[in-house]
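> Please read through the structure below; I'll follow up with questions.
Numbering (this note's numbering), first residue to last: 1018 to 1200.
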């Protein structure tokens, strides 16, 4: 799941506050921030590759559409789910955060320069909680932006999903992000 950069930044700051600044994990702050950003970047690249590969599989096997009666979006979604399962990429955003929390914890455990002063399970649990909170915040923002966009679209007779609707949605998404202190 792609997390808005501002929401990710806030989540990383919370990780620093709760783990590094309280000395639960003893590591240079800048190193910690860079590594967590790198882990997220790699996870997002995996998801991007997953999407590209799903589209390529469909392109290489267009007969699937004729045989199944699916439209291309449905077929890509099915292929994506299958590829995600094969690659052990959880598509549920909250579970994906668990996977990323595990990667962060694995790095903490493997890096000889990092000292930990709590049980690894407790640290991983804190990391996962903060990351899941970030996903929840993003979902809440997106829901509110969608609600507002749908209301305006209904008033103006704009078809939901159209280019005009997408423009309105992005406007409200930016507005809600500002209201929540992200921009």
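Where a beta carbon is used, it is the ideal one built from N, C-alpha and C, also for glycine. As the structure is a computational prediction, the values presented were derived from the model and not from experiment.
By the three-class DSSP mapping on this structure, what secondary structure does residue 1044 have?
Reduced to three states, the DSSP call for residue 1044 is coil.
> Taking the alpha-carbon positions, what's the residue 1174 to residue 1132 distance?
Cα to Cα, the separation comes out at about 59 Å.
> Would DSSP call residue 1106 helix, strand or coil?
Coil at residue 1106, not helix or strand.
> Please give me, in chain order, every unbroken run of the alpha helix (DSSP H) with length at least 4 that falls completely inside the segment 1108–1188.
Runs found: 1110–1127 and 1137–1173.
> Excluding the five sequence neighbours on either side, which residues of its own chain have a C-beta within less than 8 Å of the C-beta of residue 1134, listed in chain order?
For residue 1134, where only same-chain residues beyond five positions count, the Cβ hits under 8 Å are 1040, 1041, 1042 and 1043.
> Can you give me the C-alpha to C-alpha distance between residue 1035 and residue 1052, rounded to a whole angstrom?
For residue 1035 and residue 1052, the distance between alpha carbons rounds to 16 Å.
> What three-state label does DSSP hand residue 1276 in the structure shown?
The shown model of the chain, from 1018 to 1200, leaves out residue 1276, and the question about it has no answer.
> Would residue 1171 be called buried (16 or more neighbouring beta carbons within 10 Å of its own) or exposed?
The residue is exposed, with fewer than 16 neighbouring Cβ atoms inside 10 Å.
> How about residue 1154: is its C-beta nearer than 9 Å to some C-beta of chain B?
The structure shown contains no chain B; it is built from a single protein chain.
> Taking 7 Å as the limit between beta carbons, can you name the residues of its chain near residue 1121, skipping five residues before and five after?
1053, 1056 and 1144, listed in sequence order.
> Which residues in the same chain have their Cβ closer than 8 Å to the Cβ of residue 1075, if we skip the five residues on either side of it in sequence?
Excluding sequence neighbours, residue 1075 sits near 1081, 1082, 1089, 1092, 1093 and 1096.
> I need the DSSP call for residue 1194, collapsed to helix, strand or coil.
Three-state result, residue 1194: helix.
> Would you call residue 1032 buried or exposed, if buried means 16 or more other Cβ atoms sit within 10 Å of its Cβ?
The residue is buried, with at least 16 neighbouring Cβ atoms inside 10 Å.
> Taking just the CA atoms, how far does residue 1025 sit from residue 1048?
Going from the Cα of residue 1048 to the Cα of residue 1025 covers about 16 Å.
> Specify, as a first and last residue, the run of the alpha helix (DSSP H) that residue 1087 falls within.
Taken as a continuous stretch (DSSP letters only), residue 1087 belongs to no alpha helix (DSSP H), as it is neither H nor E.
> Roughly how many angstroms lie between the CA atoms of residue 1138 and residue 1179, to the nearest whole one?
Their backbone Cα atoms lie some 46 Å apart in a straight line.
> Determine, using beta carbons only, whether residue 1155 and residue 1020 come nearer to each other than 9 Å.
Against a cut-off of 9 Å, the Cβ pair of residue 1020 and residue 1155 comes out as a contact.
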